[in-house]
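Chemist:
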Ligand SMILES: Cc1ncc(COP(=O)(O)O)c(C=O)c1O
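Numbering (the UniProt record's numbering), first residue to last: 1 to 387.
What follows is the structure, given as structure tokens:
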């Protein structure tokens with residue numbers, strides 16, 4: 001009888017993916033500065049006095065970010081049972097949660113209601129039917145549509161309803177004994193400080209509909225949209241505060257209903273710097289292509305259609321690389337031709353940029369880690385560290 005020798009296998013290669021051979025944190029990695037998160041919260045809170053800020057957890061649900069915002073006094077906007085659980089793990093008071101997603105399974109509404117959530121958004125009859133059945137007594141916020149003009153990431157097409165539908169939904173909700181409100185979102189990375197004016201004018205007219213039903217608006221939700229400091233300049237938070245406060249007074253004063261907002265990007269984006277390594281620099285059809293180790297599938301999904309244009313700087317051995325610089329096409333590392341970050345926008349990078357240099361993608365603390373795939377092409381999901 002012959003015995004089979006065990007196959008000789010190579011020793012498994014143990015790679016610590018968190019540091020490279022020089023002990024430098026391995027890329028890609030997002031570093032979130034929690035003091036900047038706190039500063040952004042305080043700035044927006046000061047700019048919008050009397051507005052209850054519900055942090056849109058989807059922007060960055062990491063525990064240290066939630067802890068910092070809880071400490072600053074934030075309330076919460078959630079999109080799913082997973083986010084409800086994440087919030088309740090840091091803040092046990094469900095009264096501070098608003099379920100702002102207008103697309104919810106009946107079981108998810110029932111779950112939220114059972115956990116004590118009492119504020120839900122809705123934009124059509126079928127969703128209102130679910131809420132009447134599964135969220136008795138809850139405050140229902142009817143979401144009106146907006147044009148999304150002025151925003152880099154518009155949200156108007158998929159969500160919201162027109163004014164007459166909103167009036168009908170509000171009247172129906174009141175007739176079923178629900179407190180009601182109006183909500184809207186002017187589009188994310190919004191540059192126009194006056195974008196809130198038109199939806200607030202609509203809200204004022206809808207308030208009359210609600211009053212005619214013998215009730216009043218229990219809350220008006222100003223949504224999110226406050227921009228990060230991306231590649232192009234944008235108005236600062238105090239300018240948004242002044243314009244929104246004036247529009248609220250103009251349309252809803254003097255007896256202004258309770259106000260809330262749902263900022264996501266504006267609270268966390270500026271706090272995040274995404275460091276990535278240059279994998280390849282090459283010429284293709286007369287253009288310089290720079291390939292880095294982060295892409296559309298590892299966190300930078302908002303570069304889709306080049307909508308969000310990040311500010312990018314180049315570094316070698318920790319020192320900035322500067323001029324002379326030239327236009328590049330910037331692409332991710334995967335074997336998918338859709339994994340191109342910028343082709344039209346053409347970021348400018350130093351001409352002597354070489355393999356192994358690093359790029360810092362600034363104001364990347366929002367909508368990056370959670371967009372990262374679980375392992376497309378075998379690349380790890382985007383890591384997040386805090387300081
Ligand atoms: C319902 C809702 N609220 C708030 C936000 C946060 O928006 P922003 O990150 O632009 O502040 C979003 C973003 O998608 C949203 O869908």
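Using N, Cα and C, we set each Cβ at its ideal position, and we do this for glycine too.
#1: Using the DSSP secondary-structure output, state which residues sit across from residue 97 in a beta bridge.
#2: Less than 8 angstroms separating the Cβ of residue 310 from some heavy atom of ligand 1?
#3: In the DSSP assignment, find the unbroken beta strand (DSSP E) run with residue 54 in it and report its ends.
#4: Under the assumption that residue 123 contacts residue 139 (Cβ atoms under 8 angstroms), give the Cβ distance between them as a whole number of angstroms.
#5: Which one of 290, 62 and 343 has the shortest CA to CA distance from residue 355?
#6: Which word fits residue 161, buried or exposed, when buried means at least 16 other C-beta atoms lie within 10 angstroms of its C-beta?
#7: Output the boundary residues of the beta strand (DSSP E) element that contains residue 161.
#8: With a threshold of 16 other CB atoms inside 10 Å of the CB of residue 104, please say whether the residue is buried or exposed.
#9: Under a three-way DSSP split, which group does residue 205 fall into?
#10: According to DSSP, is residue 36 helix, strand or coil?
#11: So that I know if they touch, is there some Cβ in chain D lying closer than 9 angstroms to that of residue 82?
#12: Label residue 212 either buried or exposed according to how many other C-beta atoms from any shown protein chain fall within 10 Å of its C-beta, with 16 as the threshold for buried.
#13: Please look up how many angstroms separate the CB atoms of residue 59 and residue 366, rounded, as I've assumed it's under 8 angstroms.
#14: Measuring alpha carbon to alpha carbon, tell me which of 276, 348, 205 and 283 ends up nearest residue 447.
#15: Could you pull out every residue in the same chain whose Cβ sits closer than 8 angstroms to the Cβ of residue 75, ignoring the five residues on either side in sequence?
#16: Determine the closest residue to residue 181 out of 187, 239 and 171, with distance taken between C-alpha atoms.
#17: DSSP three-state label for residue 70, please.
#18: Could you spell out the range, first to last residue, of the alpha helix (DSSP H) harbouring residue 261?
#19: I'd like to check one pair, residue 247 with residue 200: are the Cβ atoms closer than 9 angstroms?
#20: What do you get for residue 384, buried or exposed, if any count of 16 or more other CB atoms within 10 angstroms of its CB means buried?
#21: Taking residue 57 as the reference, give the member of 152, 223 and 126 with the closest Cα.
#22: Between residue 188 and residue 243, is the Cβ-Cβ spacing less than 9 angstroms?
#23: According to DSSP, simplified to helix, strand and coil, what is residue 116?
#24: Give me the Cβ distance between residue 316 and residue 357, rounded to the nearest whole Å; I'm assuming they're in contact under 8 angstroms.
#25: Go ahead and label residue 389 buried or exposed: buried means 16 or more other beta carbons lie within 10 angstroms of its beta carbon, across all protein chains shown.
#26: Which residues does DSSP pair with residue 361 in a beta bridge?
#27: Less than 7 angstroms between C-beta atoms, sequence neighbours within five positions excluded: which residues of the same chain meet that for residue 174?
#28: In the structure shown, what three-state DSSP assignment does residue 350 receive?
#29: Report whether the distance from the Cβ of residue 127 to the nearest heavy atom of ligand 1 is below 8 angstroms.
#30: Ordered along the chain, which non-local residues of its own chain (more than five positions away) have a Cβ less than 6 angstroms from that of residue 371?
#31: For the beta strand (DSSP E) that contains residue 326, what are its first and last residues?
#32: Is it buried or exposed for residue 63, if we count other Cβ within 10 angstroms and need 16 for buried?
#33: Apply the 10 Å Cβ neighbour rule to residue 190 and answer buried if 16 or more other Cβ atoms are within range, or exposed otherwise.
#34: Pick out whichever of 305, 145 and 255 has its Cα sitting closest to the Cα of residue 338.
#35: Note the first and the last residue of the continuous beta strand (DSSP E) segment covering residue 395.
#36: Buried or exposed: which applies to residue 177, given that a residue is buried once 16 or more other Cβ atoms fall within 10 Å of its Cβ?
Modeler: Working from what's here:
#1: 76
#2: no
#3: 51-56
#4: Rounded, the Cβ-Cβ distance is 15 angstroms, inconsistent with contact.
#5: 290
#6: buried
#7: It is not in any beta strand (DSSP E) - residue 161 carries neither H nor E in the DSSP assignment.
#8: buried
#9: helix
#10: helix
#11: Any reference to chain D falls outside this structure, which holds one protein chain only.
#12: exposed
#13: 4 angstroms
#14: This structure does not reach residue 447, given that the chain is present from 1 up to 387, and the question cannot be answered.
#15: 52, 53, 54, 55, 96, 97, 98 and 260
#16: 171
#17: helix
#18: Counting along the chain, residue 261 falls outside any alpha helix (DSSP H), though it belongs to the beta strand (DSSP E) covering 259-261.
#19: yes
#20: buried
#21: 223
#22: no
#23: coil
#24: 5 angstroms
#25: It is not possible to answer for residue 389, since the shown part of the chain is limited to 1 through 387.
#26: 274 and 312
#27: 180, 210, 213 and 215
#28: strand
#29: no
#30: 299 and 301
#31: 325-327
#32: exposed
#33: buried
#34: 305
#35: This structure gives no information on residue 395, because the portion of the chain shown stretches from 1 to 387.
#36: exposed
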